[in-house]
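*Asks:*
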Amino acid sequence: MEHGGQAVLRLCATVLIVICLLAARGISAQEGASDADVARPPLQVWLPAPLISDESGAAFQLLSEHTAAFSLGNDIDIEYRIKDVGKIGGIMSTIRAGKDVAPAALPDVTLIRSRDFTPAQARQYLQSMETLFSSSLINDLDDGLEFGQIPLEAGSALYGLPFLYDVLLAVHSQPLESAGFRLTFADVFANETAFLFPAARANGLNQTFYLQYLSAGGLTPSDGLMSINEEALGTVLKFYEDLVQRGLVAPDVLTFQSPAAYQSEFFNRADRSQLAVFSASEYLAMIDQQDSSLMAAQIPTASGGGQSIRDGWLWVMVTPDMSRQNLSARYLEWMMEPDFHASFARALYHLPTQPALLDDSLPAAVDRQFFAGLLEDATLPLPENEGGTAPRLMQEALIDVLHGDASAAQATRQVLSQLSER
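Numbers 175 to 596, taken from my numbering, label the letters of the sequence shown in order.
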């Protein structure tokens, strides 16, 4: 009986060990299943409505197909949300409002306008992207990397990944007697060409006048303030005075906030020689959707120097979570994949920020070298509230000249006089 009792005890011990082992395996299996079953939250990406207004267009379909491959390879879903810009409830407005009160409702990454990418907003609401991207991508962006950098005390840092460019140009429907794409003020008068441009500006100076002023010798703002070059200002104002006297520009341009305000007029008056300021994206859309015979040139300047204003869109990172930042960086690298980047830029009628992709992003009907030159000679837009009082005084001088209330010389003297009194 004693031996039998020991045998029973050994059997019970063996059964207990087996039960424990099976239980341990069960717990381990459950934990593994839990880890696999709990997927990472989707990457939240906001898209600007001015670029992609709905999900039915070709651009969004192209984006969806490209995204699906990334999601499969990285085992994470991407959720897109289309939002307005420049208004309450828009992208930057929501980010500013939600940073402290509802950070969980904000995106991981979003695409914003360059005009919203200010150093102050970047430092307060966005995350630095330094060291997050591959050296090959940084090299592919070339000098365009500066488009996404902001100044810091210790130098500059990357807070925005440049994605799409847009530049200002002039469009005409009738051939002009001029030397190539570079137009001077004299070319406009020689062709008796009517000039249309968005002259309105709520605060500061309109971008066409600003570009022409810089080309004539004016300087960009320094430390937030803009000085006045008397000769440059007088030269550009004289151009508009002469346009008024020849009936080639109407005071109505002062009501035009954007080229959309006169696009119909431009097409309806195709029988006369006219030159109208548009963005490259607007021009590329027009030749694709309406009239492929339209021609582009650089905005007329005193010397035909060929400068332009470069605007565009940048990817920015909102999430402060490091793991989400690393995942977002991989997503953005995927968005910069050359074939997709060129195709997506073309679908949106914009220019890619990787210079090597410019040829592949443009339709066959346009001159590649012309657009390359525009990008090379472009300067950044004058911010709405930057430059001090000088831009506003210059805008007021333009208004006086266009209304015929002052000559170019009188308006120039008035600007200098008012500036000296401040």
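Beta carbons: idealized from backbone N, C-alpha and C, even for Gly.
#1: Distance, Cα to Cα, residue 449 vs residue 370?
#2: Count the C-beta pairs between the segment 401-419 and the segment 572-586 that are closer than 8 Å, then say yes if the count reaches three, no if not.
#3: At which residue ranges does the segment 287-344 contain complete beta strand (DSSP E) runs of 3 or more residues, listed in the order of the chain?
#4: Apart from the five residues on each side of it in sequence, which residues of its chain come closer than 8 Å, Cβ to Cβ, to residue 293?
#5: Measuring alpha carbon to alpha carbon, tell me which of 591, 285 and 481 ends up nearest residue 384.
#6: Using a Cβ-Cβ cut-off of 7 Å (strictly less than) and excluding sequence neighbours within five positions of residue 595, which residues of its own chain qualify?
#7: Any Cβ of chain B within less than 8 Å of the Cβ of residue 267?
#8: Tell me residue 399's beta-bridge partners as DSSP assigns them.
#9: Have a look at residue 559 and residue 248 and give me their C-alpha separation to the nearest angstrom.
#10: When you compare the CB positions of residue 507 and residue 308, do they come within less than 8 Å of one another, or not?
#11: DSSP has residue 254 in a bridge; who is on the other side?
#12: Could you tell me which residues DSSP pairs with residue 448 in its beta bridges?
#13: Any idea what DSSP makes of residue 454, helix, strand or coil?
#14: Using DSSP's beta-bridge definition, name the partner residues of residue 551.
#15: Skipping 5 residues on each side, what residues in its chain have a beta carbon closer than 8 Å to that of residue 553?
#16: Fully enclosed by the segment 496-550, which alpha helix (DSSP H) runs are 4 residues long or longer?
#17: Alpha carbon to alpha carbon, how far is residue 345 from residue 467? Give it in angstroms, no decimals.
#18: Checking 8 Å against the spacing of the C-beta atoms, do residue 525 and residue 233 come in under that value?
#19: Count the other C-beta atoms from every protein chain shown that fall within 10 angstroms of the C-beta of residue 193, then say buried if there are 16 or more, exposed otherwise.
#20: Is any non-hydrogen atom of the ligand ZN found closer than 7 Å to the C-beta of residue 545, if you look at the structure I gave you?
#21: For a test of the three-state rule: what should DSSP assign to residue 202, helix, strand or coil?
#22: DSSP three-state call for residue 259: helix, strand or coil?
#23: Taking the straight line between their C-alpha atoms, what separation do you get for residue 313 and residue 340?
#24: Assign residue 379 to one of three DSSP states: helix, strand, or coil.
#25: Taking the alpha-carbon positions, what's the residue 543 to residue 469 distance?
#26: Quick one: what's got a C-beta closer than 8 Å to residue 586's C-beta in the same chain, skipping five residues either side?
#27: Is it true that the CB of residue 315 sits closer than 8 Å to the CB of residue 221?
#28: Please report the distance separating the alpha-carbon of residue 198 from that of residue 254.
#29: Mind checking residue 282: buried by the 16 CB within 10 Å criterion, or exposed?
#30: CA-CA distance, residue 311 and residue 373?
#31: Using 10 angstroms around the beta-carbon of residue 276, count the other beta-carbons present and answer buried if the total reaches 16, otherwise exposed.
#32: Could you compute how far the alpha carbon of residue 514 sits from the alpha carbon of residue 231?
#33: Apart from the five residues just before and just after residue 500, which ones in its own chain have a Cβ nearer than 8 Å to its Cβ?
#34: With 16 other CB atoms within 10 Å as the buried threshold, where does residue 242 fall?
#35: If we ignore side chains and look at the alpha-carbon of each, how far apart do residue 579 and residue 518 end up?
#36: At which residues does the beta strand (DSSP E) containing residue 483 begin and terminate?
*Replies:* To lay it out plainly:
#1: Cα-Cα distance, rounded: 6 Å.
#2: Contact holds: three or more Cβ-Cβ distances are below 8 Å.
#3: Fully enclosed beta strand (DSSP E) runs of 3 or longer: 323-326 and 329-332.
#4: Within the same chain, residue 293 has close Cβ partners 324 and 325.
#5: By alpha-carbon distance to residue 384, the top candidate from 591, 285 and 481 is 481.
#6: A distance below 7 Å between beta-carbons, with the five flanking residues on each side excluded, links residue 595 to no residue of its chain.
#7: The structure shown contains no chain B; it holds only a single protein chain.
#8: In the DSSP assignment, the residues bridged to residue 399 are 396 and 561.
#9: One C-alpha to the other measures close to 43 Å.
#10: It is a contact, given that the beta carbons lie within the stated cut-off.
#11: In the DSSP output, where bridge partners are listed per residue, residue 254 has 219.
#12: Looking at the DSSP assignment, residue 448 forms a beta bridge with 368.
#13: Here residue 454 sits in helix by DSSP.
#14: None, per the DSSP bridge assignment.
#15: Contacts found: 385, 388, 394, 481, 482, 483 and 484.
#16: When DSSP assignments are scanned along the segment 496-550, the uninterrupted stretches of alpha helix (DSSP H) that are 4 or more residues long and fall wholly within it turn out to be 496-509, 512-521, 532-535 and 542-550.
#17: Going from the Cα of residue 467 to the Cα of residue 345 covers about 11 Å.
#18: No, they are not a contact pair.
#19: Residue placement at residue 193 cannot be trusted, given a pLDDT of 41 that sits under 50; what the coordinates show is reported in the next sentence. Exposed, by the Cβ-count rule.
#20: As far as ligands go, the structure on display features none, and thus does not contain the ligand ZN.
#21: Reliability of the predicted coordinates at residue 202 is poor, the pLDDT of 40 falling under 50, and the value obtained from them is presented with this limitation in mind. In this structure, residue 202 counts as helix in the three-state DSSP scheme.
#22: Reduced to three states, the DSSP call for residue 259 is coil.
#23: Answer to the nearest angstrom: the Cα atoms are 21 Å apart.
#24: Annotated three-state conformation of residue 379 is coil, per DSSP.
#25: Spanning the two alpha carbons is a distance of roughly 14 Å.
#26: The beta carbon of residue 586 sits closer than 8 Å to those of 404, 407, 408, 411 and 571, all from its chain and outside the five residues before and after it, given in chain order.
#27: For residue 221 and residue 315, no; Cβs fall outside 8 Å.
#28: The predicted position of residue 198 is uncertain, since its pLDDT is 43 and thus under 50; a value taken from the coordinates is nonetheless stated next. Straight-line Cα distance between these residues: approximately 42 Å.
#29: When all chains shown are included, residue 282 counts as buried.
#30: Cα to Cα, residue 311 sits roughly 38 Å from residue 373.
#31: Counting every other CB atom within 10 Å of its CB across the protein chains shown gives residue 276 a total below 16, marking it as exposed.
#32: Rounded to the nearest angstrom, the two C-alpha atoms are 16 Å apart.
#33: Closer than 8 Å at the Cβ level, and outside the excluded window around residue 500, lie 306.
#34: Exposure of residue 242 is indicated by the presence of fewer than 16 other C-beta atoms within 10 angstroms of its C-beta.
#35: So the two alpha carbons sit approximately 48 Å from each other.
#36: Boundaries of the beta strand (DSSP E) around residue 483: 482-491.
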